[in-house]
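Have a look at the structure below, then the notes.
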Amino acid sequence: MWFLPRKKSNMSLLKVSIGIPAYNEEANIKNLLSSILAQRQDNFILEEIIVVSDGSTDRTVEAIKELNNSKIRLVESKQRLGKTVQQNSIFETAKGEINILFDADIYLPTTNILEEMIKPVIQNPQVGIVSLMIVPYKAT
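Spelled out as C-alpha cells, the structure:
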C-alpha cells in the first residue's frame with residue numbers, strides 16, 4: 657500500500673520510501689529486502705527502505721545488517737510496540753514523496769511490481785492510495 661507525497665519534487669522522477677515493520681522475521685526479511693533492491697526503477701527513485709524491528713527476539717536485526725546496503729535504514733525498537741505504532745513511526749521519518757508499506761513476510765515475485773504500483777499516481781495525481789494483492793510466504 658502507498659500514499660501520495662507530502663511535498664512536491666522538482667525532479668521528474670518521484671522519490672519513494674519503503675517502510676517495513678518487522679517482528680521476528682529472520683526467515684523472511686532478507687528475501688523481501690533483496691527483492692525490493694532488485695526492482696526496476698524506470699519511473700521512480702528508491703530513496704530508502706526503513707525497516708523497524710519491533711522488539712524482535714530472533715536474528716531479524718542481524719539478517720538486515722548482513723545485506724549491508726546504504727538504502728536500508730534499520731531502526732531497532734527494543735520494546736515491542738506493535739505494527740500500527742511502527743507504521744506511524746515510519747511515516748514520521750520517511751523522506752520519500754511516495755510512501756510504501758510492506759509486511760515483512762511477503763515477497764515481490766517480479767522486478768516491476770513497484771513500477772506498477774507507482775504508475776497510477778504518475779498517470780493521475782488525484783490518486784492517493786493504491787493496494788496490491790500480496791502473497792505471503794508459506795509458514796514453515
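Each residue of the sequence shown is one higher than the one before, counting from 657 in the working numbering. Cβ atoms here follow ideal geometry from the backbone N, Cα and C, with glycine treated the same way.
The residues I676, A678, V707, T716, A719, I720 and A760, in chain order, have a CB closer than 8 Å to that of I685 in the same chain once the five nearest residues on each side in sequence are set aside. Shown here for S712: same chain residues with a beta carbon closer than 6 Å to its own, the five before and five after excluded, namely Y679 and N680 in chain order.
Excluding residues up to 5 positions away in sequence, N699 lie with their Cβ nearer than 8 Å to the Cβ of K775 in the same chain. Sequence-distant Cβ neighbours of L737 in its own chain, meaning closer than 8 Å and more than five residues away, are D710 and G711. Taking the C-beta atoms as reference points, I705 is found nearer than 8 Å to L689.
In this structure, the beta-carbon distance from N768 to S673 does not fall below 8 Å.
For A719, there is no enclosing beta strand (DSSP E); the residue is found in the alpha helix (DSSP H) stretching over T716 to L723. E772 carries a helical assignment under DSSP once its states are collapsed to helix, strand and coil.
Closest by C-alpha distance to M789, out of L770, L693 and E732, is L770. Excluding its 5 nearest sequence neighbours in each direction, L670 has C-beta neighbours in its own chain below 6 Å: F700, E753 and I754, listed in chain order.
Collapsing the DSSP output to three states places V777 in a helix.
Relative to the Cα of E732, the nearest Cα in the group A694, S745 and N780 belongs to S745.
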